[in-house]
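In mature numbering (1 follows the signal peptide of the UniProt record, and there is no 0), the protein residues as written are -27 to -1, 1 to 450. Glycine included, each C-beta is placed from N, C-alpha and C at the ideal position.
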């Protein structure tokens, strides 16, 4: 475990002022005094009058606002810990530096843990009174964390007004965390291979039939018929992608009683198409590399269906690969019920077992983060995620990232099914291996996977969030 004590300098106030410059100059609401216990805090208050000797800093935000002129913890010194997992030290350092620049009485100790250690240590730490007041959240660990979380003191309607997908995080009228960025499946393609095949932007496929024709043009075999360049590959696992393609046909993944549904016409169409791309179209085969993402980066695969994190993986590991992205194709040229599912990069959690004073500071940090477009943008850039905050969705720097820009037109047509238990993806992976590699009958494989998952779900507290989707009324009965 790595701990960093943050030094505070009042000179950093200038940095905050620069980031806050785009915010409104007059406050219509502000963060409540941090000395009030979180369960008693008002949702807004009149901003404090600045002292005669100090010019007021601008209020940040639109619906969710943050007034940096309000004292925190009554101006009294307070220490808190902020936990996060390895890989984002610079982001959390910047967030803490900006916050403590305007609140030098708050002393934040950043605590960094490796990913695996984080999920072992954090739940244990939250059981007592000495755990971190604020910590990084991943929705895949929802069940392990929700019992230790305090709800945000920001009105749910305000969160829903500014952040796409916030409605999917409402629990009994409260939100305990939401998404600052959205990540989903996007089609990556090698720009050089595309040009060599005589393809142009006009050939970007909108439908799966068009995609299959493009994939065949990008496939290269030698004189002996051996595959040299795959037009498209999903070797190494496509279960995460399959668990989103059925939405294109109007088919939800879960039923109204929170059971998974796999053995249906939509899922059969999805899997049969993937199988036909190899066995009928010949754009790849199951022995041509065992990691399609790496194979794409290495230059043996022309198209690869990857999630947003692949943007940074390619930049770091395969900097010479020239790539671009297009939106995942759909069955027809019409806008589908949903293009795919998404997963979110989560905002932070507040420890309900921390002291009232520490909880109030944690709530204040969260309001600062949500209202601050500058720091939100840095988090989205670092993780190559589409910004959930509406005010950032036309930002030029974010839209310069290929895997983000292709989502701009239809971001409301991506669905969050909820924090799915691992049994869903694990059993779909087994099912796909049986169909693709072992020749198992598709109907039987789907039926077996569906039963195995539902047997597990019967013992788990899972509630699908599909009914919260904006277009849920368009789903098949």
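- Could you pull the start and end residues of the alpha helix (DSSP H) that residue 379 belongs to? Segment: none, residue 379 is in no alpha helix (DSSP H) and carries neither H nor E.
*Tell me, to the nearest whole angstrom, how far the beta carbon of residue 339 is from that of residue 321; I am working on the premise that it is less than 8 Å.*
6 Å
Worksheet item: Based on Cα-Cα distance, which residue from 368, 387 and 385 lies nearest to residue 378?
Response: 368
* To do: Compare the C-alpha of residue 262 against each of 201, 350 and 45 and name the closest.
  => 201
### Query
In terms of residues, what are the limits of the beta strand (DSSP E) holding residue 103?
No beta strand (DSSP E) contains residue 103, which DSSP labels as neither H nor E.
If you check the beta carbons only, do residue 285 and residue 105 fall under 8 Å apart? no
ask   = Once you ignore the five residues that flank residue 208 on each side, which residues in its own chain have a CB closer than 8 Å to its CB?
value = 257, 259, 261, 262, 263, 264, 265 and 268
> Got a sec, what are the start and stop residues for the beta strand (DSSP E) residue 278 sits in?
Replying inline: 276 to 280
Q) Do the CB positions of residue 215 and residue 243 come within less than 8 Å of each other? A) yes
How far does the beta strand (DSSP E) with residue 86 in it reach, from first residue to last? 79 to 86
- Message: Measuring only the C-alpha atoms, how far is residue 417 from residue 391?
- Response: 27 Å
Does the region 132 to 142 come into contact with the region 355 to 375, if we say contact requires no fewer than three beta-carbon pairs (one atom in each stretch) closer than 8 Å? yes
Please name the residue in 408, 102, 447 and 212 whose C-alpha comes closest to that of residue 330. 102
(message) When you compare the CB positions of residue 296 and residue 163, do they come within less than 8 Å of one another, or not?
(response) yes
Item to check | Beta-ladder partner(s) of residue 325, from DSSP | outcome: For residue 325, which the question treats as bridged, DSSP gives no partner whatsoever.
Which residue from 194, 97, 181 and 245 puts its Cα closest to that of residue 412? 245
Pull up the distance between the alpha-carbon of residue 375 and that of residue 230, whole angstroms please.
-> 38 Å
- Query: Can you tell which of 226, 43 and 156 has the C-alpha that lies nearest to the C-alpha of residue 334?
  - Reply: 43
Can you check whether the CB of residue 159 is closer than 8 Å to the CB of residue 279?
yes
Checking 8 Å against the spacing of the C-beta atoms, do residue 272 and residue 294 come in under that value? yes
message = Please list the terminal residues of the continuous alpha helix (DSSP H) segment that includes residue 202.
response = Taken as a continuous stretch (DSSP letters only), residue 202 belongs to no alpha helix (DSSP H), being part of the beta strand (DSSP E) at 200 to 202.
Check: In its own chain, which residues sit with a C-beta less than 8 Å from the C-beta of residue 326, not counting the 5 before and 5 after it?
Finding: 99, 100, 101, 102, 104 and 121
Kindly indicate the opening and closing residues of the beta strand (DSSP E) around residue 171. Where residue 171 is concerned, there is no enclosing beta strand (DSSP E), given that its DSSP letter is neither H nor E.
Q | residue 154: first and last residue of the uninterrupted alpha helix (DSSP H) it sits in | A | Looking at the DSSP string, residue 154 is not in any alpha helix (DSSP H); the run it does join, the beta strand (DSSP E), is 152 to 163.
Indicate the three-state DSSP secondary structure (helix, strand or coil) for residue 316 in the structure shown. strand
- Message: Under 8 Å, with one C-beta from each stretch per pair, do the region 391 to 403 and the region 414 to 434 reach the 3-pair mark?
- Response: yes
Rounded separation between residue 62 and residue 275 - CA only
34 Å
Identity of the residues DSSP links to residue 57 by a beta bridge: 85
| said: Taking its Cβ as the centre, do 16 or more other Cβ atoms sit within 10 Å of residue 308, making it buried, or is it exposed? | reply: exposed
Going by DSSP, what residue range makes up the beta strand (DSSP E) through residue 297? 296 to 299
Query - Cβ shell of residue 24 (< 8 Å), same chain only, five flanking positions each side left out - result: Caution applies to residue 24, whose pLDDT of 45 falls short of 50 and renders its modelled position unreliable; the value that the coordinates give is listed next. Excluding residues within five positions, none has a Cβ falling inside 8 Å.
- Query: Can residue 78 and residue 45 be called in contact, C-beta distance under 8 Å?
  - Reply: yes
Practice problem: Please check the pair residue 132 and residue 148, which I expect to be a contact at CB under 8 Å, by giving their CB distance rounded to whole angstroms. | Solution: 6 Å
| task | Report buried or exposed for residue 414, applying the criterion of at least 16 other Cβ atoms within 10 angstroms of its Cβ. | result | exposed
So is residue 492 buried or exposed if we call it buried at 16+ other beta carbons inside 10 Å? The structure shown does not extend to residue 492, since the chain is modelled only from -27 to 450, so the question has no answer here.
* Skipping 5 residues on each side, what residues in its chain have a beta carbon closer than 7 Å to that of residue 192? -> 202, 203, 204, 255 and 256
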